Amino acid sequence: FPPPPRRPAAPPPPGGGGRRSLPPRHKRRAAATRAAVKALGLQLLPPEAAASPVVTAVRAPRGDDADELRKVLADRFGIYFAGGQGELKGRIFRIAHMGYVDEADILCAIAALEVALATLGFDVALGSGTAAAQRVFLETGGEG
C-alpha cells in the first residue's frame, strides 16, 4: 500500500486555480527541480529543451547507483523517487512534480536528496540544491 499523504491537499491558489493553472505550476516546479539538480552537479536526462513539465529524470552520480540512492531516500526520509526502466534501470531516478506536489514538497525532496548523496559519500554542498530551487520559486512567483 502507498504511504498516506503527509498532509491534506492544499486548497486552490488565489484566483481559482483549476486546470488552466496546472501547466504553469508544473513548469515552475520542473524549473526549480532542474535548477536544484544542476546545482548538485547531477546530469539531467533528456536535455532541458526536450524535458517533460511533470517529471525530471536524473542520471545517477556514478551511473549505476540510482537504486542505492533511492533506497536511502525511502528508508531514511520516506521519499520515493521512481527508477529507470529498461536499459536505464538502476542508472537514473525520476522526480515527479505534478498533482498533489507543491513547492514545499519539492524543497523537502531536494533537501533529502542532498543528505542521501552525502550519506553515500558524494561531495555535496548541503543546501545548494534547495537554494537553487528556492531562487526559482522566488523569481517566478507563487503557486497560482
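According to our numbering, the sequence shown is numbered sequentially starting from 741.
C-beta atoms are modelled at their ideal positions from N, C-alpha and C, and glycine is treated no differently.
None of these values were measured; they are calculated from a predicted model.
Cβ-based neighbour list, residue i, same chain, cut-off 6 Å, excluding 5 preceding and 5 following
| i | result |
| --- | --- |
| A822 | R834 |
| V794 | H766 and M838 |
| V876 | A771, A772 and A775 |
| A779 | S868, G869 and A872 |
| Y820 | A814 |
| L866 | E854 |
| I850 | A776, G869, T870 and A873 |
Anticipated Cβ contact below 8 Å, residue i with residue j, distance rounded
| i | j | result |
| --- | --- | --- |
| V864 | E854 | 5 Å |
| T796 | L784 | 7 Å |
| I832 | V798 | 6 Å |
Same chain, Cβ closer than 8 Å to residue i, five either side skipped, listed in chain order
| i | result |
| --- | --- |
| V841 | R769 |
| T859 | V812 and R816 |
For residue i: DSSP bridge partner residues
| i | result |
| --- | --- |
| L906 | The chain is shown from 741 up to 884; residue 906 falls before or after that span and cannot be answered. |
Exposure label - residue i; buried when at least 16 CB within 10 Å
| i | result |
| --- | --- |
| A806 | buried |
| A852 | buried |
| E827 | exposed |
| A844 | exposed |
Cβ-based neighbour list, residue i, same chain, cut-off 7 Å, excluding 5 preceding and 5 following
| i | result |
| --- | --- |
| P787 | none |
| D804 | G830 and R831 |
Could you tell me which whole alpha helix (DSSP H) segments of length 4 or greater appear in the region 800–875? 806–812 and 843–859
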